[in-house]
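Taking it in order: structure first as C-alpha cells, then the write-up.
Numbering (our numbering), first residue to last: 91 to 225.
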C-alpha cells in the first residue's frame with residue numbers, strides 16, 4: 091500500500107512538473123492591450139485581452155492571455171495605450187484554473203513602432219515634430 095501511494099504521489103509530481111514547465115507552442119501576437127486585471131476567488135491571476143486589428147476598419151479579434159511574472163505585468167501596464175507584441179507560450183494540461191484562465195502565458199512584451207496595414211505596406215509610427223515659429 092505504501093509503495094503504491096508513493097508511486098502515485100511521484101506520478102502526480104512528475105505530471106505537475108511537466109505541465110508547468112513544458113510548452114506546447116510559443117508565438118507572438120501584436121495589438122493593443124485593452125484589459126489587464128488581477129482576478130480570482132482563491133488563486134489570483136493576471137488575465138488580459140489584446141485587441142488585434144487585421145485591417146483598418148475591421149472588428150478587432152481578441153486574444154485572451156495570462157501573465158505569471160510581475161515584471162511582465164509592469165511592462166504591460168507601462169505599454170497601455172500603445173501597440174505591443176506579446177510573446178507567449180501555450181501550455182496544455184494544467185490541472186486547475188489556479189495557474190490561469192487561459193492556455194496562453196505571456197513571457198515578454200515588446201513595443202511595436204510601425205503599423206502594418208496590409209502585406210508589404212507599412213506606415214511608420216508618427217514622430218513628434220517641432221514647428222518653426224512663423225515670422
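Here a beta-carbon is modelled for each residue, glycine too, at the ideal position from N, C-alpha and C.
Ignore the nearest five residues each way along the sequence and tell me which others in residue i's own chain have a CB closer than 7 angstroms to its CB.
i	result
residue 221	In this predicted model, residue 221 has a pLDDT of only 49, less than 50, meaning its place in the structure is not dependable; the value taken from the coordinates is given anyway. Taken in chain order, the list of residues that qualify is empty.
residue 182	114, 193
residue 219	Its pLDDT being 46, under 50, residue 219 is placed unreliably in this model, and the value from its coordinates should be taken loosely. So no residue of the chain qualifies.
Which partner residues does residue i have in the DSSP bridge list?
i	result
residue 178	117, 196
Compute the distance between the beta-carbons of residue i and residue j, then report whether it is under 8 angstroms.
i	j	result
residue 136	residue 156	yes
residue 127	residue 180	no
residue 145	residue 119	no
residue 176	residue 163	no
residue 184	residue 94	no
My understanding is that residue i touches residue j, with C-beta atoms under 8 angstroms, so please give their C-beta distance in whole angstroms.
i	j	result
residue 173	residue 138	At roughly 15 angstroms, the Cβ-Cβ gap does not stay under 8 angstroms, so residue 173 and residue 138 are not in contact.
residue 199	residue 165	4 angstroms
residue 104	residue 169	Wrong, their Cβ atoms sit about 37 angstroms apart, outside the cutoff.
For residue i, I'd like the list of residues in its chain whose CB is within less than 8 angstroms of its CB, leaving aside the five on either flank, ordered along the chain.
i	result
residue 192	137, 154, 155, 156
residue 101	none
residue 178	116, 117, 118, 119, 155, 194, 195, 196, 197
residue 167	126
residue 159	197
Counting only the same chain and skipping the five closest in sequence on each side, list residues whose C-beta sits under 6 angstroms from that of residue i.
i	result
residue 187	none
residue 190	135, 156
- Task: Just list the alpha helix (DSSP H) runs in the stretch 110–171, keeping only unbroken ones of 4 residues or longer that don't cross its boundaries, in chain order.
- Result: 160–168
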